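Trainee: Input: one structure, supplied below.
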Amino acid sequence: MKIPSPEMRWHERIYLFEVLRGLGVTIRHMLGNIARQHEMPTYQWPEQKKPLPVRLKARHRLTLREDGSPKCVACYMCQTACPARCINIVAEDSPEPTIEKRPRIFDIDLLRCVFCGYCVEACPEDAIRMDTGEISVVSHKREDFILHMDFLLRGQGTEYMQPEPAAEAATVKGKPIPPPDTPEEALEGYEAATKPPVPSSW
Numbered sequence: 000m001k002i003p004s005p006e007m008r009w010h011e012r013i014y015l016f017e018v019l020r021g022l023g024v025t026i027r028h029m030l031g032n033i034a035r036q037h038e039m040p041t042y043q044w045p046e047q048k049k050p051l052p053v054r055l056k057a058r059h060r061l062t063l064r065e066d067g068s069p070k071c072v073a074c075y076m077c078q079t080a081c082p083a084r085c086i087n088i089v090a091e092d093s094p095e096p097t098i099e100k101r102p103r104i105f106d107i108d109l110l111r112c113v114f115c116g117y118c119v120e121a122c123p124e125d126a127i128r129m130d131t132g133e134i135s136v137v138s139h140k141r142e143d144f145i146l147h148m149d150f151l152l153r154g155q156g157t158e159y160m161q162p163e164p165a166a167e168a169a170t171v172k173g174k175p176i177p178p179p180d181t182p183e184e185a186l187e188g189y190e191a192a193t194k195p196p197v198p199s200s201w
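With numbering that gives the first Met the number 0, the residue at position 31 of the sequence shown is 30, and numbering never jumps.
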């Protein structure tokens with residue numbers, strides 16, 4: 000069924016009056032915002048910080064075990080699930096008898112990352128998270144956007160916690176340390192991790 004187009008009047012066909020009417024709407028909103036700036040839904044960045052959602056996917060971090068070693072076992076699940084192919088992992092043998100592998104290199108290229116969170120969902124050890132709350136990642140050099148394992152473990156995020164070495168690990172030798180039952184954030188006696196040098200211009 001063909002729907003007939005509405006017929007335009009002569010002043011609508013000229014378009015001059017419609018352009019002026021659109022400019023009138025724009026000017027009306029502009030003058031109203033100038034007169035009532037306190038009612039504008041605008042955050043004065045960077046002086047005024049905008050509250051972030053709880054589930055916001057921010058910059059990555061790697062979590063630690065009770066003895067301060069990374070939880071990552073170099074299973075390559077996050078690297079396989081990453082659609083942007085921005086994670087690079089090189090594995091090596093772990094000295095712990097209960098852990099087969101550990102990462103020797105764990106790099107994330109933020110210039111390629113799409114912050115989808117697939118790496119967090121694919122990790123079976125809860126070794127990688129995106130809860131640092133850091134969204135303003137800027138620099139003048141490309142190499143500053145490649146985050147290495149030391150920075151991911153003990154970077155500038157507010158959620159980084161490094162536990163003290165377990166006391167029984169120094170006394171009981173030759174016996175494997177059982178894996179922790181609770182995540183490191185729920186345990187007591189943690190201190191802030193020693194942070195490595197922050198990349199320039201961050």
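Note that the Cβ used here is the ideal one computed from N, Cα and C, for glycine as well. Small disclaimer: the values here were computed from a predicted structure and weren't measured.
Could you pull the start and end residues of the alpha helix (DSSP H) that F150 belongs to?
Mentor: Here the alpha helix (DSSP H) through F150 covers M148 to R153.
Trainee: Can you look up Y159 in the DSSP assignment and give me helix, strand or coil?
Mentor: With a pLDDT of 34 at Y159, under the threshold of 50, the modelled position of that residue is not reliable, and the figure given next carries that caveat. In this structure, Y159 counts as coil in the three-state DSSP scheme.
Trainee: Alpha carbon to alpha carbon, how far is E17 from T25?
Mentor: The alpha-carbon atoms of E17 and T25 are separated by roughly 13 Å.
Trainee: According to DSSP, is I13 helix, strand or coil?
Mentor: Helix.
Trainee: Does the beta-carbon of T131 have 16 or more other beta-carbons within 10 angstroms, so that it is buried, or is it exposed?
Mentor: Per the 10 Å Cβ criterion, buried.
Trainee: With 16 as the cutoff for other CB atoms within 10 Å, does I86 come out buried or exposed?
Mentor: I86 should be labelled buried.
Trainee: Tell me whether A34 is buried or exposed, calling it buried when 16 or more other Cβ atoms sit within 10 Å of its Cβ.
Mentor: Under this definition A34 is an exposed residue.
Trainee: Classify P164: buried if its beta carbon has 16 or more other beta carbons within 10 angstroms, exposed otherwise.
Mentor: With a pLDDT of only 40 at P164, under the threshold of 50, the placement of this residue in the model should not be trusted; the figure read from the coordinates follows. By the neighbour-count rule (16 or more Cβ atoms within 10 Å), P164 is not buried but exposed.
Trainee: Can you tell which of L15, E38 and S68 has the C-alpha that lies nearest to the C-alpha of I98?
Mentor: I98 has its Cα closest to that of S68, out of L15, E38 and S68.
Trainee: Could you pull the DSSP bridge partners for V89 from this structure?
Mentor: Partner(s): I104.
Trainee: Suppose you measure from the CA of L51 to the CA of I134; what does that come to, to the nearest Å?
Mentor: Cα-Cα distance, rounded: 9 Å.
Trainee: State the DSSP-derived secondary structure class of R60, mapped to helix, strand or coil.
Mentor: Strand at R60.
Trainee: Please tell me whether, using a cut-off of 8 Å, the distance from the CB of W44 to the nearest non-hydrogen atom of the ligand ATP is below it.
Mentor: With respect to small molecules bound, the structure shown includes none, and the ligand ATP cannot be examined in it.
Trainee: Inspect the beta-carbon positions of I88 and D106 and report whether they are closer than 9 Å.
Mentor: Against a cut-off of 9 Å, the Cβ pair of D106 and I88 comes out as a contact.
Trainee: Return helix, strand or coil for P164, following the three-state DSSP convention.
Mentor: The predicted position of P164 is uncertain, since its pLDDT is 40 and thus under 50; no value can be drawn from it.
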